[in-house]
Amino acid sequence: MNSKSRNSGIAGQLRRLPTPVALLIGVLFGLFFSRLLPWSTSTATWRGYNVVAKSRQQSRQPIQLPTVEQRQRIFHLLTTLSPHYTKECSRNTQPLYQKQAMERYAPLIGHKSPSRSSWLGGFGMGGSVEPDYGAGRTIRDLVSSEHKYFFAINLYNSFDVIPDLFATLFRVAAILGYHNVYVSIYENGSTDQTKALLRIFDALTRSVGMRITIRTSTRRRGAFNHRIEYLAEVRNAAFGPLYELREGENEVFDTIVFMNDILPCVDDLLELIWQSRTNNAGITCAADYMYHDEIGSPVFYDNWVARDINGTALENAPFESIFHHAPSNDRFQKHLPIQVQSCWNGIAVLDPEPFYLPPHVKFRMARIAEGECSASECSLICNDYWNAGYGRIMMVPRVKLAYDRRVFDIIHPQRRNLTAIRGYVRMGGLPDDPRTDPQDRSWFGPHDRLFTEEESEPLEFTSGPEHVWCWGWDGAGDLEGPDVDPIWERMSNKSTNADAVIVRHVRSLP
Ligand SMILES: *[C@@H]1O[C@H](CO)[C@@H](O)[C@H](O)[C@H]1NC(C)=O
Ligand SMILES: *[C@@H]1O[C@H](CO)[C@@H](O)[C@H](O)[C@H]1NC(C)=O
Ligand SMILES: *[C@@H]1O[C@H](CO)[C@@H](O)[C@H](O)[C@H]1NC(C)=O
Ligand SMILES: *[C@@H]1O[C@H](CO)[C@@H](O)[C@H](O)[C@H]1NC(C)=O
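Residue numbering for the sequence shown follows the UniProt record's numbering, beginning at 1 and increasing consecutively.
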């Protein structure tokens, strides 16, 4: 499922030249950088930021703390790391898009201005933005107005993508607030230098005060009877710290971002988070694309999991024929968010509440003995969200993801300056209507297509379909994919009830 071919040999080419992505973020970043300084100066409350580091702290040998200048230097280095694959994301971003993006994502900025009293002293005593585990307080008491993000990432032989992945994570975390972000990586038995590279980034991440847990496994799939059982266990393993932090530190997260070794742009992640929070969605996913040799263009990829709101599978097809459900197709053509029954597509933003509260959703294989169809662990978790009453599941077509360089380049083309050719006065369309740029009408148009008003309107969610197309994978033979005849599977009455899509957990933006 994760078979991806990538150009090899990038070996951490971390050029330090800031790209326009960095510049875009730099501007955003500038908005709160000064507010960040008190956080940097609160060395008095500096301590490890996870369970492991906390116990280390008890050793008698005092740890030499980095100075403010040292920390700032590393912080600066990390936020200006230049990605290799994703550096084209926002090259020559049109100014109007930058302005729109900054306004749109400003409510996501996670650094609040510390109060004057905390600026003058008493860092870590309630006003500091650095979480303080001490004095019997929980993190939530101290930063109660802040939204916490848990990034769960599964990696396997991912040497090639780790530098880009972290370059993106550092930038996104700089916006969400480093103290609001927890990164949990689960790596399962890589045979390349993934582990070594992860150790480097682990250290860099900690050096700026971002919390991270990296766990690795050597357990192989062979020990499991069922493929999906193994894949579900790998995904669940990335959630370990989510439960540990709740039990040990009483820390609760507000949003989970789950990803594999796929490379999103910074604004892709921000848009998924923005849509997830604006719509109080249970699960929010992107759209992923794979090259189709016969058709000679990228096609929608993850149709094993994706189901429209009628329960019909999406197609491995060019964009005009991905959706069978006509109203969904109409929205898809306009790049608008769409309610779906199920989707995953490389990155999913999840409401954590069903993980914390009964009936306690987690990744699992099908209950075959009960006659459940052997769907993907990602389809099953969507069904479980419906059954738990968190059926607000949506897809965001604006966010287009690729698994290799070729598709990445096609779906992130550079915006061309058409002035000389067509008499447009500036990039991005006519001066009185910037939306007239013909490049934006093509499906794989430039990444900086302007936001429309409809794209910001909350979705209206309807109850789930009675039947969902299920293509089972029992894994009895050696097919690397679904091996059971597909059926229309009956969904539970809970999911077809209007109750399944009401807002249960408000995560909306201020
Ligand atoms: C690790 O998990 C991936 C799926 O996420 C799988 O393709 C790979 O085979 C697993 N590695 C091992 C050593 O089993
Ligand atoms: C909607 O779902 C039903 C099964 O519940 C199926 O027979 C029908 O073809 C679907 N319609 C579309 C447009 O996919
Ligand atoms: C686009 O090209 C025209 C003509 O070559 C040039 O005058 C203009 O500055 C260019 N605009 C941008 C934004 O690069
Ligand atoms: C679900 O609803 C159908 C039709 O509305 C009904 O026949 C069936 O008994 C219900 N099942 C359960 C378990 O309540």
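Ideal placement from N, C-alpha and C gives every residue a C-beta, glycine not left out.
Taking 8 Å as the cut-off, the C-beta of N188 counts as close to a heavy atom of ligand 1.
Residues lining ligand 2 by the Cβ criterion, that is a Cβ closer than 5 Å to any of its heavy atoms, are N310, T312, H324 and H467 in chain order.
Using a C-beta cut-off of 8 Å, the stretch 456–467 makes contact with the stretch 306–324, since at least three inter-stretch Cβ pairs fall below that distance. For P458, no beta strand (DSSP E) segment is defined, and its DSSP state is neither H nor E. In this structure, the C-beta of L231 approaches ligand 1 to less than 8 Å from one of its heavy atoms.
DSSP, read as helix, strand or coil, puts Q94 in coil. Secondary structure note for I295: it is in no alpha helix (DSSP H), with a DSSP letter that is neither H nor E. Annotation for D164: P83, H84, Y85, T86 and L263 place their beta carbon closer than 7 Å to its own, counting only its chain and skipping 5 residues before and after.
If you look at W469, you'll find it in the beta strand (DSSP E) that goes H467 to C470. K400 carries a strand assignment under DSSP once its states are collapsed to helix, strand and coil.
Inside the stretch 228–283, DSSP marks whole beta strand (DSSP E) runs of 3 or more residues at positions 255–259, from first to last along the chain.
Taking a cut-off of 8 Å for Cβ pairs, the stretch 366–373 and the stretch 408–420 do not touch, as fewer than three such pairs fall below it. Cβ neighbours of V503 within its own chain (closer than 6 Å, five residues either side excluded): N280. Residue pairing from DSSP places F151 in a beta bridge opposite V183 and V257. Annotation: the continuous alpha helix (DSSP H) that includes V172 extends over I162 to L176. L357 is not bridged by DSSP to any residue. Pairing Y182 with T213 gives a Cβ-Cβ distance under 9 Å. Counting only the Cα atoms, Q70 lies some 46 Å from S379.
Taking 8 Å as the cut-off, one finds no heavy atom of ligand 1 near enough to the beta carbon of Y301. Taken from the Cβ of Y156, at least one heavy atom of ligand 1 lies inside 8 Å. One thing to note: A348 has its Cβ within 9 Å of the Cβ of I283. Distances taken from the Cβ of V361 to the heavy atoms of ligand 1 include none shorter than 8 Å. Sixteen is the threshold: when 16 or more other Cβ atoms of the shown chains lie within 10 Å of the Cβ of D267, as they do, the residue is buried.
Remark: the shortest separation between the CB of R215 and any heavy atom of ligand 1 does not fall under 8 Å. For the set M102, H226, D160 and T194, the Cα lying nearest the Cα of L479 is the one of H226.
Rounded to the nearest angstrom, the Cβ distance from P482 to W471 is 4 Å, consistent with a contact under 8 Å.
Boundaries of the alpha helix (DSSP H) harbouring A196: T194 to S207, taken from the DSSP string. Taking each of A167, R364 and L357 in turn and checking the Cα distance to L198, the smallest one comes out for A167.
By the 16-neighbour rule on beta-carbons within 10 angstroms, Q275 is buried. When beta bridges are read from the DSSP output, M395 appears opposite C285 and I338.
In this structure V299 touches A317 by the C-beta definition: roughly 6 Å separates them, less than 8 Å.
As a beta-bridge residue in DSSP terms, D308 pairs with V340. Distance between W386 and S342, taken at the CA atoms: about 9 Å. For E489, the uninterrupted beta strand (DSSP E) segment begins and ends at I487 to R490.
DSSP places N383 in the helix class (H, G or I) of the three-state scheme. A straight line joining the alpha-carbon of L357 with that of G189 spans about 31 Å.
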